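Please read the structure below before turning to the comments.
Protein chains in written order, with the working numbering: chain V, 10 to 121; chain Z, 59 to 172.
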């Protein structure tokens, strides 16, 4: 079993839809939870991160962490065609610069 | 412009040849990383370095080697011992000033070995 599980998709939604992307994990010691966006043939870029449980909002993006369920989510409101990309969740223990554990990524397509 | 550069963008090699992938950063970051990305596998850590002249193996170091002679540079050599070298290789760097050590990624090098 992988430490971090993520549905690979592809997920296709119409423009303006609310998108929900999710990851589950098995290591209860993870403390930092991150979402990266990766456009085709490019390097990932960090969208947002949360520490421990709770919600964090940044514009159209909201990240949620439920440590009791070992479940994290990224919500995208009013999705745009420019949101079409692969979204990778990643998580780490506190104070370990070296160790990000990534999900496999979910490919999102936002159609006109 | 500050950032991470990787070269070349595409690389083709014959089986049995060693190949070196370049990674340079001008972000003044202490830590640098190499990942490999395969379809359906996500990113897997190959090697990382937190200081010049020191580096540690990641989860899949076999068949790879690195050096860190300068803070700005962290080249990765894919040796002939790597059984499945064809992949997308990503270099990243991060500051070590505070958690969560946000990692910035380069544009990647796509290596094809035939």
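Note that CB positions come from ideal geometry on N, CA and C, so glycine has one too. These figures come from a predicted structure and were not determined experimentally.
Take residue 166 (chain Z), set aside five residues on each side of it, and the residues of its chain with a beta-carbon closer than 7 Å to its own are 64, 146, 147, 148, in chain order. Residue 86 (chain V) and residue 65 (chain V) have their alpha carbons spaced roughly 14 Å apart. Counting the other Cβ atoms within 10 Å of the Cβ of residue 154 (chain Z) gives fewer than 16, which makes it exposed.
Around the beta-carbon of residue 49 (chain V), fewer than 16 other beta-carbon atoms lie within 10 Å, marking it exposed. At least one C-beta of chain Z is nearer than 9 Å to the C-beta of residue 109 (chain V). In terms of Cα proximity to residue 68 (chain V), the closest of V:75, V:57, V:62, V:46 is V:57.
With contact defined as three or more Cβ pairs closer than 8 Å, the stretch 69-80 of chain Z and the stretch 39-49 of chain V are not in contact.
If you check the CB distance, residue 95 (chain V) and residue 116 (chain V) come in under 9 Å. Residue 66 (chain Z) carries a coil assignment under DSSP once its states are collapsed to helix, strand and coil. Close partners of residue 160 (chain Z) in chain V (Cβ separation under 7 Å): 55. Proximity of residue 169 (chain Z) to chain V, defined by a Cβ-Cβ separation below 9 Å, is not satisfied.
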